[in-house]
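To keep things clear, I will list the structure first and then write my remarks on it.
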Amino acid sequence: GAVVSQHPSWVICKSGTSVKIECRSLDFQATTMFWYRQFPKQSLMLMATSNEGSKATYEQGVEKDKFLINHASLTLSTLTVTSAHPEDSSFYICSFDGWSYNEQFFGPGTRLTVL
Amino acid sequence: GQQLNQSPQSMFIQEGEDVSMNCTSSSIFNTWLWYKQDPGEGPVLLIALYKAGELTSNGRLTAQFGITRKDSFLNISASIPSDVGIYFCAGKTGANNLFFGTGTRLTVIP
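Residue numbers (this note's numbering), protein chains in the order written: chain L, 32 to 146; chain W, 313 to 422.
Below, the structure is given as structure tokens:
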């Protein structure tokens, strides 16, 4: 399968600070990338869909001014959690569509802990 | 969004036993995917199903796309300790979005 990397793999920050998470597709150019959030012992919930060169589409209930997404190239998408609060602590995972049959390949995830 | 319910929620089995889990939805999907997630990792695609009634195998894994397009099952034969993890089904409509199931946590006892 395709290779997706995320950086950092984990981050701890103070409440009120901003955190940027990078998602890179290493062997594929992805027009569309996705950002998910997963709370402990729960399933993945789609936050937003990121299209290269255009604004991201956010799911209902996800604040676009708080979770800034930039998809500046076909291999890089970033998620910035602005003014993070403890309730934003979660596992953030990116993915992109594969080159055939609607598969999605996921990154290894970034665990964010806000103190 | 669409609700996908997986059962069972968790399973404890002996090594060597077969495992069966399923996923049901109130909505129709065009694609069903099964993923495995290890702790602290992203999901890894196991099997993809593209048409109703399709039965697909990947090694010891077998999955089927239900005829009604509202359900799917995953079987694992002769389980081994490394099968431990959380298994998620995911459904896709014509759009890009994936909708994930609630997950089945599998524990394999050596």
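Built from N, CA and C at the ideal position, the CB exists for glycine as well. Since we're looking at a predicted model, the values are computed, not measured.
> Quick one, which of W:346, W:403, W:414 has its alpha-carbon nearest residue 355 of chain W's?
Replying inline: Taking the first residue of the second sequence as position 1, residue 355 of chain W is located at position 43. Nearest option by C-alpha distance: W:346.
> Taking all protein chains shown into account, do 16 or more other C-beta atoms lie within 10 angstroms of the C-beta of residue 339 of chain W, making it buried, or fewer, making it exposed?
Replying inline: As a first step, residue 339 of chain W is located in the second sequence; it is residue number 27 there, counting from the start. Answer is exposed; the Cβ neighbour count stays below 16.
> With DSSP run on the structure shown, which of helix, strand or coil describes residue 303 of chain W?
Replying inline: The shown model of chain W, from 313 to 422, leaves out residue 303 of chain W, and the question about it has no answer.
> What are the start and end residues of the beta strand (DSSP E) that includes residue 404 of chain W?
Replying inline: The sequence position of residue 404 of chain W within the second sequence is 92, counting from 1. Where residue 404 of chain W is concerned, the enclosing beta strand (DSSP E) stretches over 397-404.
> Closest to residue 353 of chain W by CA distance: which of L:104, L:139, L:74 is it?
Replying inline: As a working note, residue 353 of chain W is residue 41 in the second sequence. The shortest Cα separation from residue 353 of chain W among L:104, L:139, L:74 belongs to L:139.
>> If the cut-off is 9 Å on Cβ atoms, which residues from the stretch 341-356 of chain W count as contacting chain L, listed in chain order?
In response: 342, 343, 345, 347, 349, 352, 353, 354, 355, 356
>> Let me check understanding here. Comparing Cα to Cα, which of L:92, L:66, L:60 lies closest to residue 101 of chain L?
In response: Here residue 101 of chain L is taken as the residue at index 70 of the first sequence, counted from 1. Among L:92, L:66, L:60, the Cα nearest to that of residue 101 of chain L belongs to L:66.
>> Let me check understanding here. Comparing Cα to Cα, which of L:51, L:47, L:35 lies closest to residue 41 of chain L?
In response: Your numbering for residue 41 of chain L matches position 10 in the first sequence. It is L:51 whose Cα lies nearest to the Cα of residue 41 of chain L.
>> I want to see whether chain L comes within less than 8 Å of residue 414 of chain W, judged by CB atoms only; does it?
In response: What you label residue 414 of chain W is simply residue 102 of the second sequence in a count that begins at 1. Yes, contact with chain L.
> Using DSSP with H/G/I as helix, E/B as strand and the rest coil, what is residue 114 of chain L?
Replying inline: Your numbering for residue 114 of chain L matches position 83 in the first sequence. In the structure shown, residue 114 of chain L sits in coil (DSSP, three-state: anything other than H, G, I, E or B).
> Can residue 370 of chain W be considered in contact with the ligand FMN, in the sense that its beta carbon sits closer than 7 Å to one or more heavy atoms?
Replying inline: The ligand FMN is not part of this structure, which contains no ligands at all.
> At a CB-CB cut-off below 9 Å, which residues of chain L make contact with residue 409 of chain W?
Replying inline: Here the question's residue 409 of chain W lines up with position 97 in the second sequence. Per Cβ cutoff of 9 Å: 65, 77, 80, 90.
> Whole beta strand (DSSP E) runs in the stretch 41-93 of chain L with 3 or more residues, listed along the chain?
Replying inline: If we require 3 residues or more, the beta strand (DSSP E) runs fully inside the stretch 41-93 of chain L come out as 41-44, 50-56, 63-69, 76-82.
>> Just checking: is the beta-carbon of residue 138 of chain L within a distance shorter than 8 Å of some beta-carbon in chain W?
In response: Taking the first sequence and counting its residues from 1, the one referred to as residue 138 of chain L is at position 107. With a threshold of 8 Å between beta carbons, residue 138 of chain L makes contact with chain W.
> Is the distance from the Cβ of residue 388 of chain W to the Cβ of residue 326 of chain W below 8 Å?
Replying inline: For the purposes of this step, residue 388 of chain W is taken as residue 76 along the second sequence, with counting starting at 1. For the purposes of this step, residue 326 of chain W is taken as residue 14 along the second sequence, with counting starting at 1. Residue 326 of chain W is positioned such that its CB atom lies no closer than 8 Å to that of residue 388 of chain W.
> Do you know whose CA, among L:121, L:127, L:137, lies nearest residue 145 of chain L's CA?
Replying inline: Residue mapping note: residue 145 of chain L aligns to position 114 of the first sequence, counting from 1. Of the listed residues, the one whose Cα sits closest to residue 145 of chain L is L:121.
>> What are the residues in the stretch 103-125 of chain L lying within 7 Å of chain W by C-beta distance?
In response: Taking 7 Å as the Cβ-Cβ cut-off, the stretch 103-125 of chain L approaches chain W at 124, given in chain order.
> Would you say residue 400 of chain W faces chain L, with C-beta separation under 8 Å as the test?
Replying inline: Your numbering for residue 400 of chain W matches position 88 in the second sequence. At least one CB of chain L lies nearer than 8 Å to the CB of residue 400 of chain W.
> Can you name the residues of chain W whose CB is closer than 9 Å to the CB of residue 142 of chain L?
Replying inline: The residue you call residue 142 of chain L lines up with position 111 of the first sequence. Within chain W, the residues near residue 142 of chain L are 352.
> If you draw a straight line from the alpha carbon of residue 316 of chain W to that of residue 399 of chain W, how long is it in whole angstroms?
Replying inline: As a working note, residue 316 of chain W is residue 4 in the second sequence. As a working note, residue 399 of chain W is residue 87 in the second sequence. Between residue 316 of chain W and residue 399 of chain W, the C-alpha separation is close to 13 Å.
> Is it right to say residue 324 of chain W is buried, meaning 16 or more other beta carbons lie within 10 angstroms of its own, or is it exposed?
Replying inline: Here residue 324 of chain W is taken as the residue at index 12 of the second sequence, counted from 1. With fewer than 16 neighbouring CB atoms inside 10 Å of its own CB, residue 324 of chain W falls in the exposed class.
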